[in-house]
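Residue numbers (my numbering): 1280 to 1610. By construction, the Cβ of each residue, glycine as well, lies at the ideal position given by its N, Cα and C atoms.
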Amino acid sequence: MYLQFIAWISALGLFYVYLSARLGSNTYTLAIAFSSFTFFVTIVYGYAFVLHRVYYRKLNLPAYIALVIAFLAATLSARMAIELFVIGKLALEPTIFDLGPTHLFYDGFSTFCALVIGILLAAVLDSFARERERHELRQKQAEAELNLLKAQLHPHFIFNSLNNLYYDVYKQLPEVAERISMLSGAMRYFIDEAPKDRVLLRTELAFIRNYIELERVRLPYKMSVNLAINADENTIVPPMLLMPLVENIFKHGERHPDAKPTIVLTQSRENIVFTVTNKVGKSKGTPQRAGLGLRNLRERLELLYGHRYELVTSDNGATYTATVMIPIHEN
């Protein structure tokens, strides 16, 4: 903050020194210097904090360039009008525009320099923001790992016990043994895969299938879940990223035999698209829309992909649909 103040005071001094050499030291020169400095600051901060921050990612390149040009033209016109009709009255000699193209070049060149500094400032602020996001992501990952360690009460002991139990009941109760195997696979995923930054899509889908089957066991009827996969299962994805949408089927979806939720995963050259559709009751749409799981998912997507993802939900009162699209390749 202090460095910025010193820098801007120095810039004002440079404007005054330059103009004094041309126009002499008087009130008129000081007013011109202050006008130049004010519009210089306006362009620098206007570009960095308004144009770049608000419109850079919303507009395509031609539209954004046109907006910047319009901003510069409006700022330069306002500056020249003030110098002619307001400050010019202070001059004892001919007004500023009587000085000819020299001062016009001075106005234009200082405007261009302000734009360059604004672009550099915007780049520095973006760099700081990305570093802050990376730091927050590392911090959240560290907290998640710590929480995972706290939550794991001798997980390998439990995992091995499940395996032993599976062999004990396999001959007498094969269906129960199969459920134990699914639960064991889910625990293996939590222990070995979930702490990783990336896993194979095949591994993630295997966990999702196990989760669906284990949830179906709890229901008093046989819910049919349509799972359609059209993707390369060797693709690398973040672990547990798709699970919140699957969990919503059993947390908020309409629970009756005819619900028939649908899960569709497709892959293009650039993106993976994961869509979950399920019926909802009249009173169940609102809690799902405001669910903590979806809010956490959106925060995680922003940390992982910035603005390069989509998370869209819709609820027509009878059917709830949630779609997440993530890029395959990271920048």
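DSSP state of residue i mapped onto helix, strand, coil
i: Asn1557; result: strand
i: Ser1299; result: helix
i: Met1359; result: helix
i: Phe1312; result: The residue you asked about is not Phe; residue 1312 is Ala in the sequence shown. Here Ala1312 sits in helix by DSSP.
i: Pro1523; result: helix
i: Asp1386; result: helix
i: Tyr1599; result: strand
i: Val1403; result: helix
i: Ile1285; result: helix
Residue burial classification, residue i (beta-carbon count within 10 angstroms, cutoff 16)
i: Val1347; result: buried
i: Ala1310; result: buried
i: Glu1578; result: exposed
i: Pro1341; result: exposed
i: Thr1308; result: buried
i: His1331; result: buried
i: Ala1393; result: buried
i: Leu1489; result: The residue asked about is misnamed: residue 1489 is Asn in this sequence, not Leu. Answer is buried; the Cβ neighbour count reaches 16.
i: Ser1547; result: exposed
i: Arg1417; result: exposed
i: Ile1288; result: exposed
i: Arg1358; result: buried
i: Ala1327; result: buried
i: Ile1285; result: exposed
i: Ser1314; result: buried
i: Tyr1322; result: Strictly speaking, residue 1322 in this sequence is Ile, with Tyr absent from that position. Classification for Ile1322: buried.
i: Phe1486; result: buried
i: Leu1498; result: exposed
i: Ile1515; result: exposed
i: Val1395; result: exposed
i: Tyr1468; result: buried
i: Val1496; result: exposed
i: Gly1397; result: buried
i: Phe1384; result: exposed
Near the ligand NAD: residue i beta-carbon under 7 angstroms from a heavy atom
i: Gly1397; result: Inclusion of the ligand NAD in the displayed structure is not the case, the ligand content being empty and no account of it being possible.
Residues bridged to residue i (per DSSP)
i: Asn1505; result: Thr1541
i: Pro1606; result: Asn1550
i: Glu1589; result: Met1604
i: Ile1515; result: Leu1479
Whole-number beta carbon distance between residue j and residue i, since they are thought to touch under 8 angstroms
i: Glu1492; j: Met1519; result: Incorrect: roughly 18 angstroms between the Cβ atoms, too far for contact.
i: Thr1554; j: Thr1602; result: 4 angstroms
i: Tyr1599; j: Asn1557; result: 6 angstroms
i: Pro1523; j: Leu1576; result: 4 angstroms
i: Gln1605; j: Asn1550; result: Note that residue 1605 corresponds to Ile in the displayed sequence, not to Gln. Ile1605 to Asn1550, Cβ: 7 angstroms. Contact.
i: Arg1336; j: His1586; result: 6 angstroms
i: Thr1390; j: Leu1363; result: Contact flag wrong, Cβ pair sits at about 16 angstroms.
i: Tyr1334; j: Tyr1343; result: 6 angstroms
i: Thr1545; j: Ala1510; result: 6 angstroms
i: Ile1508; j: Leu1484; result: 7 angstroms
i: Asn1505; j: Lys1539; result: 6 angstroms
* Would you mind listing the beta strand (DSSP E) stretches within the segment 1451-1495 that are 3+ residues and don't spill past its ends, in chain order? => none
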